[in-house]
Each structure stands twice: as structure tokens, then as C-alpha cells.
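Residue numbers (this note's numbering): 2 to 157. Glycine included, each C-beta is placed from N, C-alpha and C at the ideal position.
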């Protein structure tokens, strides 16, 4: 991991957890050429879903943003595992796809996913600026409030 990224993580008070094992029949990441695809990450903390329920019903925007931050932390943990511990190999976060468990009238998915976008950009700097989708969903696995996947360009 580059010294700059490590310093930002410390400054932000973030310790990356061990990358979570898949919960079903899939792999946590795939490297194809210069692209790293990271499977959807839930807001896990200490091995458990930390933010559950539906935005606009049982979860407010601030809690949803915290859930998105946890998803981003878990994305970085998966990237670290995929890249042999070297987050400095990330050239660019190409895209984040954010899924938000939402009440039918909730329309602030973009604000929720900002939690992840802000964290990724804060940790990775210019390489962390990305394209993005923020989509409302009827439900997510394990009643998670948020799930986010990522595509990154990496150095060989």
C-alpha cells in the first residue's frame, strides 16, 4: 500500500478489516486485464450487518451514509486482498454501483451513496474520483440498507 494512502487511512481513523468471504456462490473479486471487479459489499462491521432496514422508513439518510461508508471500507479491504496488500496499484476507481433499500417514496439514494463516494475519494485522492449509480431497491441481502460494488483500473 502506498505511504500516502496509508497516511490518509490513519488520518481518517480507518482500519481496513480482513476481506469478507463470499456469502453465496460467487467470488469476492475478479481481475480481468487491467480491471478489478469487486462484488457487492454490505455495511459489515465486526462481521455483522451494521445498518439494516429501509431508507425513508426505519433508516435515516445519516445512518444510510454511514452504511455506505462501511461498504466503501469493505470495498477497499477486498481491493487490498486482490492486490496483494498494495492499494497503490489502483490507478482509478472507474465506477461504483450503489444499491439502497428504499421505502417507495424515498428519493435521496444519491445522498446515501455520497457516503461511499466521499470516503473512496478521500482515501485514494484523484484516483478515487469515479462514475456512479445510486439505485433504490425493494430489499437487499440480509436486510442490509446499502450494498455497493466497484470497478477499478489497476496497474499490473
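Legend entry - Residue from 121, 81, 127 and 114 whose Cα sits closest to the Cα of residue 19: 81
Inset, instruction - In the DSSP assignment, find the beta strand (DSSP E) that holds residue 148 and state where it starts and stops. - result: 147-155
Legend entry - Closest Cα partner of residue 93 within the set 12, 37 and 62: 37
Inset, instruction - Apply the 10 Å Cβ neighbour rule to residue 179 and answer buried if 16 or more other Cβ atoms are within range, or exposed otherwise. - result: In the structure as shown, the chain begins at 2 and stops at 157. Residue 179 is therefore absent and cannot be evaluated.
Inset, instruction - Taking 7 Å as the cut-off, decide whether the C-beta atoms of residue 39 and residue 30 are in contact. - result: yes
Legend entry - Cβ separation of residue 5 and residue 62, assumed to be a contact under 8 Å, to the nearest whole Å: Not quite, the Cβ-Cβ distance comes to about 31 Å (not below 8 Å), so this is no contact.
Inset, instruction - Provide the residue(s) that pair with residue 138 in DSSP beta bridges, ordered along the chain. - result: 102
Inset, instruction - Hey, could you find the ends of the alpha helix (DSSP H) residue 118 is sitting in? - result: 110-125
Legend entry - Pairwise C-alpha distance: residue 10 and residue 90: 16 Å
Legend entry - Buried or exposed by the 16-neighbour rule on C-beta atoms within 10 Å, applied to residue 150: buried
Inset, instruction - Determine the contact status of residue 100 and residue 57, defining contact as a CB-CB distance below 7 Å. - result: no
Inset, instruction - With DSSP as the reference, please indicate the residues paired to residue 40 in a beta bridge. - result: Answer is none; residue 40 lacks a bridge partner.
Inset, instruction - Would you list the one or two residues that DSSP bridges to residue 49? - result: 46
Legend entry - CB of residue 146 within 7 Å of CB of residue 41, strictly: no
Legend entry - Nearest residue (CA-CA) to residue 86, options 115, 116, 111 and 17: 17
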